[in-house]
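Take any residue in the sequence shown, count from 1 to its spot, add 48: that is its number in this note's numbering. For every residue, glycine included, the Cβ atom is placed at its ideal position computed from N, Cα and C. Here's the structure, in structure tokens; my notes come after.
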Amino acid sequence: MAQHVFEVKKYRVTLGDHVTTWGGIDVRARGVVACFGDHLRLVFYFLPDGEPSPAAVWSEDARMACSFLPFYALPAFVDLLRNEKPITGNIDTESPGNSFINTGDEPVGEEERGGVGKLLRDS
């Protein structure tokens, strides 16, 4: 089993129908989030309700893990990637469905710039 941990340096969000085939299953993703490190990629396909979901995949040749999640989870991923730094990608090649992204350790009560916290401070 290989665990890969990498800094997410870039990301791409794609919205709209994205038809692809994984594990012999045709899927129609409504959104895709791709996270890029120096030599690794972690791609999340966000599927509408009722869409068949293939098993997560690790491709050694492409150095990429792909997971399939419900569409309602997309906004949380985009929010994390847009508003937090650093972001780390985590890939388990033996169990690519356990791949994830996360923030670094942050102090309790850390406020983000802008948003509701700024509105309350400025009122």
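In this structure, residue 137 sits away from residue 95, with a CB-CB distance that is not shorter than 8 Å. In the DSSP assignment, residue 123 falls outside any beta strand (DSSP E) and lies within the alpha helix (DSSP H) extending over 122 to 131.
When the Cα atoms are used, residue 115 and residue 92 turn out to be separated by approximately 5 Å. Residue 75 and residue 67 have their C-alpha atoms some 6 Å from each other.
Shown here, residue 85 sits in coil according to DSSP, grouped into three states, outside any helix or strand.
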